[in-house]
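Residue numbers (this note's numbering): 7 to 132. Beta carbons: idealized from backbone N, C-alpha and C, even for Gly. First the structure, in the form of structure tokens, and then the observations on it.
So, in structure tokens, the structure goes:
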């Protein structure tokens, strides 16, 4: 790796780690493992280039979440016993705080209303 590539990598992820690529999900996130690191720090994800610096943990699908948090030692693509039922929905990231986030509509009056200061009547003296 060149020094520019390492600098860019450090800029994006705030760390420099070496590890074996375990797999990639359908969103482009790459999952790595290095057992020479401490337990709890030896599995990590590198988020897709599409999100650049706007990444968060809700962009990880449930099957990879389980592998990252040691619920299973087998990655999703190597686990034949993992259920895939027709009623299971596709993974979507949490959109709160974005323009696509859910905003409930309320028809009831709020119990607390903002205070509006009264306007004073100014008297003109002639």
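Top-ranked residue by Cα proximity to residue 18, from 40, 70, 53: 53
3-residue-minimum beta strand (DSSP E) runs that sit fully inside the region 8-80, ordered along the chain: 26-30, 36-39, 49-52
The region 100-108 contacting the region 31-48, beta-carbon criterion three pairs below 8 Å: no
Proximal residues to residue 72 (C-beta, below 6 Å), its chain only, five neighbours per side dropped: 78
Alpha-carbon to alpha-carbon, residue 57 and residue 118: 39 Å
8 Å contact criterion, which residue 66 and residue 59 should meet: CB distance rounded: Their Cβ separation, rounded to whole angstroms, is 16 Å, which puts residue 66 and residue 59 out of contact at 8 Å.
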